[in-house]
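Since the structure comes first, as structure tokens, the remarks are kept for the end.
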Amino acid sequence: MPANAAKVSPKLQALIDKGLLDALPASFSSFCVDQVKEWELLFPAERSYYERLFGLLDRSSPEAVERLFNPVRLIERLMGVNDRTWPKGQFTLEQVDFLNRNPHYPEWRAAVSQVFAQLDPLLDAEMVASGHARLVIVIAPAQLPVGPDRMWTRFQGRGTRIRVQPPEREEEFAPVLLTGEDRARGAPTIAQLFAAGKKGGPYTSWIIEAGGMLSQLGSASNLVAKYSYESLAQYRKRLMQEVQNVVNAQEVPGPRQLSARLKQMKILASEGHVARDPILAEFARAILLSGNGTLLINNTFVEWATIQAVRRARPSVAVIGFGVRNKIKPFSSLLIYADQEAATPIPSQMDTLGSYVDLEVFYKYVWQEFEKYAEYRKNTAYLFSGEGMDEILVIAPPDFPLLSAADPLKLPTVFQGLRDWLGV
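Residue numbers (the numbering used here): 3 to 426.
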């Protein structure tokens, strides 16, 4: 790696010092360097992946590694990759442009994809061998204009519908589901219990929501990663204003300069508790500035933040709370960095039907994202619920406790089943 490269873990640095990257095709090794250049901002799951990836290559015979990467080397020669066009240890926008403009780019992408197609199953097997029970809870808002018979329609033929007894007060549904108690008792959430347990720790439990109520449940805990669209309102508005100012002033001549400018727009301590943690602070900036609509639409924020959390952090427990979005205003106000409230005098209106239609798609998207990764397959229980509804949809392995329980279930019983499943 270059002399000014960021520090990585001692384990990974030892492999780099052995010359592992120097033995790989230039484009592939440069890509890897780029992925770990901000090591201190990577989640533990991301760091583990690169340590295991490099470790696997190091354990493999030189002949096997050469066979694996030979198609990439052949394509690189056809593309004209050399020391002049591709300095070692760098992966700049110029190199990205070099790849994209090269007529052999499709062949290069296919060759790199084939490398990962052979490596990732081996890395996945490592994760499966050390797997444990995981939990995903998805909560829909009470205001949706349908009953449970018209919920989760894209899961037809999958999962089990279980009848439950909602509490008398609708607003207590989520608190009792997640803590086993009324909100006033301040009992820890299932996310907090797991994070504090032997398999938990920082970044293992997440709460992502449109509102702010779920994040406030339970006892104070810095172990649970919490992202609330509502709570990030001040940061979101500042981002929209700052980006709009940059665009209007035409201060950035190209994508490289714009990317560098966006990188500086970090969350302030006064704008959210995640500012205290550099990894979570950068994640907040990234999801708000990389997702189309995440600054403007609450449920889009929840869906995108969840997908990115799964891809990057691999949480063991995830609580996902959707809300009701406002009706979309005229297109001119839906510019990616424009504040809808300030862009048009038309008053905002809740769109319960539109939210229902959106969420039917998002439920499936979220479930599919989790199931892409070996950590979640065959050991994850998914609970889809709606506040105040008397049914929940459960997609889970056969040994999930609630599947054999006699319904209708009281929510404290559901909560205890979740504890039993996770062993907390």
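All C-beta atoms in this analysis are idealised placements derived from N, C-alpha and C, irrespective of residue type, glycine included.
None of these values were measured; they are calculated from a predicted model.
1) Mind checking which residues open and close the beta strand (DSSP E) that includes Thr162?
2) Alpha carbon to alpha carbon, how far is Pro105 from Arg287?
3) Under 8 Å by Cβ, that's how I've got Val319 and Thr206 pegged, so tell me the actual separation to the nearest angstrom.
4) Whole beta strand (DSSP E) runs in the region 75-156 with 3 or more residues, listed along the chain?
5) To which residues of the same chain is Asp392 closer than 8 Å at the C-beta, ignoring the five residues directly before and after it?
6) What are the partner residues of Ala320, as DSSP defines its beta bridges?
7) Nearest to Gly161 by alpha carbon, out of Thr382, Ala66, His134 and Leu395?
8) CB-CB under 6 Å to Thr191, same chain, minus the five flanking residues each way: which ones, in chain order?
9) Nearest-angstrom Cα distance between Asp36 and Gly188?
10) For Asn381, which residues in the same chain have their Cβ closer than 8 Å to its Cβ, ignoring the five residues on either side in sequence?
11) Going straight from the alpha carbon of Leu385 to that of Met215, what length do you get?
12) Quick check on DSSP: helix, strand or coil for Lys380?
13) Report the partner residues of Asn328 according to the DSSP bridge assignment.
14) Leaving out five residues on either side along the sequence, give the residues of the same chain with a beta carbon under 7 Å from the beta carbon of Arg316.
15) Is there contact here, the region 50-60 with the region 11-24, by at least three beta-carbon pairs under 8 Å?
16) Kindly give me the distance between the Cβ atoms of Lys329 and Gln351, rounded to whole angstroms, as I take these residues to be in contact under 8 Å.
17) For the pair the region 115-123 and the region 407-425, tell me if three or more CB-CB distances fall below 8 Å.
18) For the structure I just gave you, are there three or more beta carbon pairs, one from the region 263-275 and one from the region 226-237, closer than 8 Å?
19) What span of residues does the beta strand (DSSP E) with Glu427 cover, start to end?
20) Taking Val304 and Ala235 to be in contact with their CB atoms under 8 Å, please state how far apart those CB atoms are, rounded to whole angstroms.
21) So, is Glu68 buried or exposed, given that buried needs 16 or more other C-beta atoms within 10 angstroms?
22) State the DSSP-derived secondary structure class of Gly57, mapped to helix, strand or coil.
23) Between the alpha carbons of Gly203 and Gly425, how many angstroms are there, rounded?
24) Are the CB atoms of Phe93 and Arg314 within a distance shorter than 8 Å?
25) DSSP has Ser387 in a bridge; who is on the other side?
26) Nearest-angstrom Cα distance between Thr415 and Ala142?
27) On the DSSP bridge list, what partners appear for Ser230?
28) I believe Pro349 touches Leu43 by the beta-carbon criterion, under 8 Å. Please report the beta-carbon distance rounded to the nearest angstrom.
29) Can you grab the Cα-Cα spacing for the pair Gln145 / Leu270, in whole Å?
30) Put Leu219 into one of helix, strand or coil per three-state DSSP.
31) Check the C-beta distance from Leu291 over to Leu264 and give it rounded, since I have them as a contact under 8 Å.
32) What does the Cβ neighbour count give for Asn102, buried or exposed, with the cut at 16 atoms within 10 Å?
33) Please tell me whether Trp306 and Ile289 are closer than 8 Å, where the distance is taken between their beta carbons.
34) Checking the sheet assignment: what are the DSSP bridge partners for Lys412?
35) For Tyr375, report the span of its alpha helix (DSSP H) as first-last.
According to the data block:
1) Thr162 to Gln167
2) 35 Å
3) 7 Å
4) 136-142
5) Pro150, Arg165, Val166, Gln167, Pro168 and Pro410
6) Val138 and Trp208
7) Leu395
8) Leu180, Thr181, Leu219 and Gly220
9) 44 Å
10) Gly133, His134, Ala135, Arg136 and Pro399
11) 19 Å
12) coil
13) Met352
14) Ala47, Tyr375 and Glu377
15) yes
16) 5 Å
17) no
18) yes
19) The structure shown does not extend to residue 427, since the chain is modelled only from 3 through 426, so no value can be given for it.
20) At roughly 14 Å, the Cβ-Cβ gap does not stay under 8 Å, so Val304 and Ala235 are not in contact.
21) exposed
22) helix
23) 15 Å
24) no
25) Ile141
26) 20 Å
27) Glu211
28) In fact, because the Cβ distance is near 40 Å, the residues do not count as touching under 8 Å.
29) 33 Å
30) coil
31) 5 Å
32) exposed
33) yes
34) Gln167
35) It is not in any alpha helix (DSSP H) - Tyr375 carries neither H nor E in the DSSP assignment.
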